[in-house]
Amino acid sequence: MRLRKVVFPVAGLGTRFLPATKVVPKELLPIVDRPLIQWAVDEAVAAGAEQLVFVINRNKRAIADHFDVAYELEDTLERRAKHELLRVAREVLPSGVETVYVVQPQALGLGHAVLCARQVVGDEP
Numbered sequence: 264m265r266l267r268k269v270v271f272p273v274a275g276l277g278t279r280f281l282p283a284t285k286v287v288p289k290e291l292l293p294i295v296d297r298p299l300i301q302w303a304v305d306e307a308v309a310a311g312a313e314q315l316v317f318v319i320n321r322n323k324r325a326i327a328d329h330f331d332v333a334y335e336l337e338d339t340l341e342r343r344a345k346h347e348l349l350r351v352a353r354e355v356l357p358s359g360v361e362t363v364y365v366v367q368p369q370a371l372g373l374g375h376a377v378l379c380a381r382q383v384v385g386d387e388p
């Protein structure tokens with residue numbers, strides 16, 4: 264059975280990492296040269312994931328921004344002939360991989376976060 268959909272329950276407030284997580288979601292804290300969530304996404308994609316489902320709280324827009332196309336950045340890198348950096352920016356989310364964001368209305372725990380993704384995941388394991 265091939266992995267198609269992966270759920271990332273990332274709606275938590277990151278209280279154990281305060282004050283670092285007061286402004287930056289814990290999933291975006293850097294580990295070596297990229298955010299923590301990037302490592303997890305890279306593993307999921309390497310395992311064959313085609314759809315990444317992020318269960319977020321209403322304040323976690325930065326996670327969606329990280330995986331969105333940064334047109335201005337890419338244009339600047341291209342004009343400055345920074346081809347390696349442009350490649351890195353474009354590989355944050357490989358082509359053919361879809362992101363879906365589901366808002367968890369209340370912080371009711373991990374089980375509830377996974378339940379919030381139920382409509383997107385459907386009957387897939």
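Our numbering numbers the first residue of the sequence shown as 264 and each following residue consecutively. Here a beta-carbon is modelled for each residue, glycine too, at the ideal position from N, C-alpha and C.
How would you call residue i, buried or exposed, if buried means at least 16 neighbouring beta carbons within 10 angstroms?
i	result
Glu-290	buried
Gln-382	exposed
Pro-272	buried
Val-295	exposed
Pro-288	buried
Leu-340	buried
Gln-369	exposed
Lys-285	exposed
Return the first residue and the last residue of the alpha helix (DSSP H) that residue i is part of.
i	result
Thr-339	334-342
Asp-386	Here Asp-386 belongs to no alpha helix (DSSP H), and DSSP marks it neither H nor E.
Put residue i into one of helix, strand or coil per three-state DSSP.
i	result
Lys-285	coil
Leu-266	coil
Would you list the one or two residues that DSSP bridges to residue i?
i	result
Arg-297	Ile-294
Val-363	Val-316
Phe-271	Phe-317
The beta strand (DSSP E) with residue i in it runs from where to where?
i	result
Phe-280	Unbroken run through Phe-280: none, as it is neither H nor E.
On the three-pair Cβ rule with 8 Å, is the stretch 300-319 touching the stretch 354-365?
yes
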